[in-house]
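Student: One structure coming up, written as structure tokens, with questions to follow.
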Amino acid sequence: MSTTVAVTGGTGFIGRHIIDDLLSRGFTVRALTRTPHHDERDNLVWSLGSLEESESLAQLVAGVDHVVHCAGQVRGHKEEVFTRCNVEGSQRLMQAAKESGSCQRFLFISSLAARHPELSWYANSKYVAEQRLTEIAGGITLGIFRPTAVYGPGDKELSPLFRAMLHGYLPRFGAADARLSFLHVSDLAQAVSQWLLADQTPVSPYELCDGVADGYNWQRLQDIAVAIRNRPVRVVSIPRPLLNLMADTSSLISRLAGKEPMLTRSKVCELTHADWSANNKDLYEIINWSPRISLEYALRQGLF
1 MSTTVAVTGG TGFIGRHIID DLLSRGFTVR ALTRTPHHDE RDNLVWSLGS LEESESLAQL
61 VAGVDHVVHC AGQVRGHKEE VFTRCNVEGS QRLMQAAKES GSCQRFLFIS SLAARHPELS
121 WYANSKYVAE QRLTEIAGGI TLGIFRPTAV YGPGDKELSP LFRAMLHGYL PRFGAADARL
181 SFLHVSDLAQ AVSQWLLADQ TPVSPYELCD GVADGYNWQR LQDIAVAIRN RPVRVVSIPR
241 PLLNLMADTS SLISRLAGKE PMLTRSKVCE LTHADWSANN KDLYEIINWS PRISLEYALR
301 QGLF
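Take the sequence shown: its position 114, counted from the start at 1, is 114 in this note's numbering, and no numbers get skipped.
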């Protein structure tokens with residue numbers, strides 16, 4: 001009998017890749033979805049519901065062995081939007097997992113942003129969720145992943161930046177010496193599966209990145225693009241006042257369209273932070289996981 005894993009966020013960019021990797025390793029997956037889904041692969045069952053509905057979450061986790069909580073709010077015009085999903089929704093899911101009586105492990109996909117909760121509403125919501133889940137996990141083994149900026153097939157956030165780089169323009173946010181890091185989505189998906197299969201999983205927030213020493217600065221990104229194009233790449237600096245203006249415009253347009261904005265002044269603080277470098281050492285020692293895809297390789301091979 002195969003191990004059953006409940007997955008939230010399975011219809012999103014990262015969640016889809018996590019489901020693919022779990023299925024490839026023989027897991028049975030029960031995935032949460034707000035609307036009927038037509039992906040009818042073997043060992044994949046879709047469970048209707050949302051993080052706001054305790055009853056549907058109870059159905060999602062009934063009889064499952066593990067939970068991978070990937071769903072999260074990344075867009076919002078005020079802090080309460082992030083709190084409602086990322087904090088309260090996570091607590092509701094953990095409570096359902098505890099009440100199921102069958103769940104052994106619960107993996108929370110947080111964010112490297114949680115390292116600095118003071119920077120943005122999103123960062124704070126992820127940090128608070130980590131704390132709350134740790135407090136209420138009880139007998140369930142809790143894991144916390146803090147991936148850095150994740151990209152890959154299906155990503156809509158970083159792909160415009162990479163396409164611009166390969167067309168000769170590199171938009172730069174923040175200081176020239178800021179440290180950045182990236183992670184290919186297939187490497188993140190593999191780490192999730194390996195964590196579920198590991199013999200020991202001590203509770204700790206684990207950072208995940210592509211393993212490039214010291215991460216990237218803007219000069220290194222420019223050098224990579226130049227090497228791939230074999231032509232010059234121009235760095236276009238976007239000053240903080242202009243970023244704030246773009247954020248205000250984005251917020252206004254989103255409000256008029258009845259949608260939540262991605263770029264806000266809160267997000268600008270996060271984007272322009274000086275150090276988003278990361279280190280895989282702790283996670284490697286626990287589950288023997290190492291990333292396979294560097295940013296340069298992904299850009300050369302079109303894996304984004």
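Virtual Cβ for every residue (Gly too), placed ideally from N, Cα, C.
(1) Among the candidates 161, 70, 5 and 251, whose CA atom is the shortest distance from the CA of residue 129?
(2) Given a cut-off of 8 Å, decide if residue 276 and residue 172 are closer than it, judged by their beta-carbon atoms.
(3) Considering residue 143, what are the terminal residues of the beta strand (DSSP E) in which it resides?
(4) Hey, would you say residue 101 sits closer than 8 Å to residue 303, going by beta carbons?
(5) So within the region 184-261, which uninterrupted alpha helix (DSSP H) runs reach at least 4 residues, ignoring any that extend past its ends?
(6) Check residue 337 in the structure and name its three-state DSSP category.
(7) In this structure, how does DSSP classify residue 159 when only helix, strand and coil are distinguished?
(8) Quick one: what does DSSP say residue 289 is sitting in, helix, strand or coil?
(9) Residue 56 to residue 49, Cα distance in whole Å?
(10) Would you check if the region 76-84 and the region 32-41 touch, i.e. whether three or more CB-CB distances between them fall below 8 Å?
(11) Can you say whether residue 207 is buried or exposed, counting buried as having 16 or more other CB atoms within 10 angstroms of its CB?
(12) Can you give the beta carbon distance from residue 193 to residue 21, rounded, assuming they're within the 8 Å contact cut?
(13) Going by DSSP, what residue range makes up the alpha helix (DSSP H) through residue 121?
(14) Can you name the residues that DSSP bridges to residue 66?
(15) Spatial neighbours of residue 198 within its chain, please: CB distance less than 6 Å, with the 5 preceding and 5 following residues excluded, ordered by chain position.
(16) Can you give the Cα-Cα distance for residue 28 and residue 15, rounded to whole angstroms?
(17) Judging by CA-CA distance, which residue of 160, 212, 62 and 297 is the nearest neighbour of residue 227?
(18) Under 6 Å Cβ to Cβ from residue 215, same chain only, skipping five residues before and after it: list those, please.
(19) Can you grab the Cα-Cα spacing for the pair residue 32 / residue 26, in whole Å?
(20) Going by alpha carbons, who is nearest to residue 260 out of 200, 13, 44 and 248?
(21) Residues bridged to residue 275 by DSSP?
(22) Which residues does DSSP list as the beta-bridge partners of residue 28?
(23) Relative to the alpha-carbon of residue 60, which residue among 73, 8 and 111 has its alpha-carbon at the smallest distance?
(24) Can you give me the start and stop residues for the alpha helix (DSSP H) that residue 56 sits inside?
(25) Please confirm if the region 101-114 is in contact with the region 138-146, defined as three or more CB-CB distances below 8 Å between the two stretches.
(26) Count the other C-beta atoms from every protein chain shown that fall within 10 angstroms of the C-beta of residue 256, then say buried if there are 16 or more, exposed otherwise.
(27) Please name the residue in 6, 174 and 262 whose C-alpha comes closest to that of residue 104.
(28) Does DSSP classify residue 110 as helix, strand or coil?
(29) For residue 65, I'd like the list of residues in its chain whose CB is within less than 8 Å of its CB, leaving aside the five on either flank, ordered along the chain.
(30) Assign residue 47 to one of three DSSP states: helix, strand, or coil.
Tutor: Looking at the coordinates:
(1) Closest option to residue 129, Cα to Cα, is 70.
(2) The answer is no: Cβ separation not under 8 Å.
(3) In this chain, the beta strand (DSSP E) harbouring residue 143 covers 141-147.
(4) Going by beta carbons, residue 101 and residue 303 fall outside the 8 Å limit.
(5) Whole alpha helix (DSSP H) segments, 4+ residues: 185-197, 218-229 and 240-257.
(6) Because the chain spans 1 through 304 in this model, residue 337 falls outside it and cannot be assessed.
(7) Helix at residue 159.
(8) It is coil, neither helix nor strand.
(9) Approximately 5 Å, taken between the alpha carbons.
(10) Too few Cβ pairs lie closer than 8 Å, so no.
(11) Buried is the call here.
(12) Yes, they are in contact, since the Cβ atoms of residue 193 and residue 21 sit about 5 Å apart, within 8 Å.
(13) 121-136 is the span of the alpha helix (DSSP H), which, as asked, contains residue 121.
(14) 5 and 105.
(15) Within the same chain, residue 198 has close Cβ partners 287.
(16) Going from the Cα of residue 28 to the Cα of residue 15 covers about 15 Å.
(17) Of 160, 212, 62 and 297, the residue nearest in Cα terms is 297.
(18) The residues are 179, 180, 181 and 277.
(19) Whole-angstrom Cα-Cα distance: 19 Å.
(20) Checking every option, the nearest Cα to that of residue 260 belongs to 248.
(21) For residue 275, the pairing in a beta bridge is given by DSSP as 179.
(22) Residue pairing by DSSP places residue 28 opposite 4 in a beta bridge.
(23) Ranking 73, 8 and 111 by Cα distance to residue 60 puts 8 first.
(24) Residues 54-61.
(25) Segments in contact, yes.
(26) With fewer than 16 other Cβ atoms within 10 Å, it is exposed.
(27) Considering only alpha carbons, the answer is 6.
(28) Residue state, collapsed to three classes: coil.
(29) Closer than 8 Å at Cβ, skipping near neighbours: 3, 4, 5, 102, 103, 104 and 105.
(30) It is a strand residue.
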